[in-house]
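Trainee: Here you go, one structure.
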Amino acid sequence: MTAISADDGATTTGSGNADGSGNRAPSPDAVLIRRTLAEIEPVADDVTSYFYALLFLHNPELREMFPPAMDAQRDRLFGALLTAAEHIDDTVTLTEYLSHLGRGHRKYGTLPHHYPAVGEALMYALERYAHRSWSPEVEGAWVRAYTAISQTMIDAAAEDELRAPPWWNAEIISHERRTSEVAVVTVRPDQPYPYRAGQYASVETPWWPRVWRYYSFASCPRSDGLLSFHIKAVPAGWVSRSLVHRARRGDMIRLGPPAGSMAVDHSSTRGLLCVGGSTGIAPIKALVEDVAEHGRRRPVEVFFGANRDADLYDLDSFLDLERRHPWLSVRPVVAQLATRGIAGQLPEAVRQFGPWREFDGYLSGPPQMIRKSVDALVSSGIPQDRIWHDFLGTLVSSGR
Ligand SMILES: Cc1cc2nc3c(=O)[nH]c(=O)nc-3n(C[C@H](O)[C@H](O)[C@H](O)COP(=O)(O)OP(=O)(O)OC[C@H]3O[C@@H](n4cnc5c(N)ncnc54)[C@H](O)[C@@H]3O)c2cc1C
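To convert, take the position in the sequence shown, counting from 1, and add 4; that gives our numbering.
Put into structure tokens, the structure is as follows:
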């Protein structure tokens, strides 16, 4: 529930911009904080377990703000700490990241007076597990950093309160199974939900209260206010399996605020190279619709990757878009036994049709696919800072 504990910090970046701090020498506080983190990294699980145990022991009323299972939560705390430490001297990136977290924490009921309790538990946990590097100077650096982090989050939440609710209730008005594991779910929010094509929202279902997962909007904003998501049920997945196999028309879900900065740059004259793997094709569809609505004719090349033909669950609607828009080209890529489209792996197929120097890159899908596709795009002539993608976890690990 701190800045750094109850959200996974998924965000969007141009790959080359992951660390905007350049090569400047780190500040003295950054050096001390990174030294602490390096010491606790091998025992990160113990640190976070101890942190949460202390937090709940001294503030039992906070436990109900967290999900029943805390495993993922522990990774998120450490990932967020790493992110904050990595960008501690890069005010712009850090403020953007923390403001996003602060706004996102409103849906958990986080209030300004919760932050000192979290800070106290964090300091105790760090002192205990980073005992080799811990000193009054190190403690001072952490106190300064945590004070700045929490204030940024508190300010962002307060500002957001003036213009948006902490969450939106939304009724499922259609639930369409496209394959045995993929559903297209359309919802009607209880009040207007402003977002941009390419963004995503955190979603909570009635079956797993306080467990939030991100899903991308599968269309650009519509005049009827409806929102669509493409959900793939992952093995043993709590939220995805509920949304695919259990959800029905009339069920209510909750939506957090829109997030992510992947968006079409309408001032650019370059083409768009869009690569979507599995349900990663959802935000790509929103981007294509956005280009169509905007009315400017720029080449848009879509590569839709799937494991099997049967997993190309939205190909027909893409082909329909292709028929209506001469600037759009859609290529399905199938890893196993392709009878529709190109046989092989998505990154190789993209490379094969390059070079892509005159294009901006948009990637969406499983993290491994994104990683390989960034390489493919860079080697096909797109600079890193013109490649956009969503990623899981920290800014640090996404730096490519
Ligand atoms: C920015 C962003 C946008 C996203 N957009 C979409 C989207 O539009 N559609 C969509 O379907 N998903 C999307 N995801 C993924 C989604 O947020 C969840 O991570 C996913 O649905 C799994 O959640 P779960 O609660 O069902 O599984 P969890 O309970 O979190 O995980 C259960 C088990 O499944 C494993 N697991 C988790 N994810 C996968 C996976 N992809 N493949 C195989 N095993 C997995 C976990 O390691 C764990 O062992 C997006 C993620 C991010 C960060």
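Backbone N, C-alpha and C define an ideal beta-carbon position, used for all residues, glycine too. Only a predicted model underlies this, so the values are computations on that prediction, with no experimental measurement involved.
Less than 8 Å between the CB atoms is what I'm expecting for residue 260 and residue 205, so what's the real figure, rounded?
Mentor: Indeed, because the Cβ distance is near 6 Å, the residues count as touching under 8 Å.
Trainee: Which of the three DSSP states, helix, strand or coil, is assigned to residue 216?
Mentor: DSSP places residue 216 in strand when its eight states are reduced to three.
Trainee: Alpha carbon to alpha carbon, how far is residue 144 from residue 97?
Mentor: Rounded to whole angstroms, residue 144 to residue 97 spans 23 Å at the Cα level.
Trainee: Does residue 68 come out as helix, strand or coil in the three-state DSSP assignment?
Mentor: Helix at residue 68.
Trainee: For residue 39, which residues in the same chain have their Cβ closer than 6 Å to its Cβ, ignoring the five residues on either side in sequence?
Mentor: For residue 39, where only same-chain residues beyond five positions count, the Cβ hits under 6 Å are 137.
Trainee: How many angstroms separate the CA atom of residue 79 from the CA atom of residue 156?
Mentor: Spanning the two alpha carbons is a distance of roughly 22 Å.
Trainee: Please determine whether the Cβ atom of residue 177 lies at a distance below 7 Å from any heavy atom of ligand 1.
Mentor: No, since every heavy atom of ligand 1 falls outside the 7 Å radius drawn around the Cβ of residue 177.
Trainee: Please check the pair residue 235 and residue 191, which I expect to be a contact at CB under 8 Å, by giving their CB distance rounded to whole angstroms.
Mentor: At roughly 11 Å, the Cβ-Cβ gap does not stay under 8 Å, so residue 235 and residue 191 are not in contact.
Trainee: Measure the CB-CB distance between residue 329 and residue 298 and report whether it falls below 8 Å.
Mentor: No, they are not a contact pair.
Trainee: Hey, residue 44 and residue 51: beta-carbon distance below 8 Å or not?
Mentor: Yes, these two residues count as a Cβ contact at 8 Å.
Trainee: Let me know the secondary structure DSSP gives residue 272 once reduced to three states.
Mentor: In the structure shown, residue 272 sits in coil (DSSP, three-state: anything other than H, G, I, E or B).
Trainee: Tell me, to the nearest whole angstrom, how far the beta carbon of residue 354 is from that of residue 279; I am working on the premise that it is less than 8 Å.
Mentor: Yes, residue 354 and residue 279 are in contact; Cβ-Cβ is about 6 Å, under 8 Å.
Trainee: For residue 345, which residues in the same chain have their Cβ closer than 7 Å to its Cβ, ignoring the five residues on either side in sequence?
Mentor: Answer for residue 345: 335, 336, 337 and 338, listed in chain order.
Trainee: By how many angstroms is the C-alpha of residue 113 removed from the C-alpha of residue 152?
Mentor: Whole-angstrom Cα-Cα distance: 21 Å.
Trainee: State the Cα-Cα distance for the pair residue 42 and residue 82, rounded to the nearest angstrom.
Mentor: Whole-angstrom Cα-Cα distance: 11 Å.
Trainee: I'd like to confirm something about residue 234: is its beta-carbon nearer than 7 Å to some heavy atom of ligand 1, or not?
Mentor: Flag set: Cβ of residue 234 near ligand 1.
Trainee: For the beta strand (DSSP E) that residue 74 lies in, which residues bound it at each end?
Mentor: Note, residue 74: premise wrong, no beta strand (DSSP E); not H, not E.
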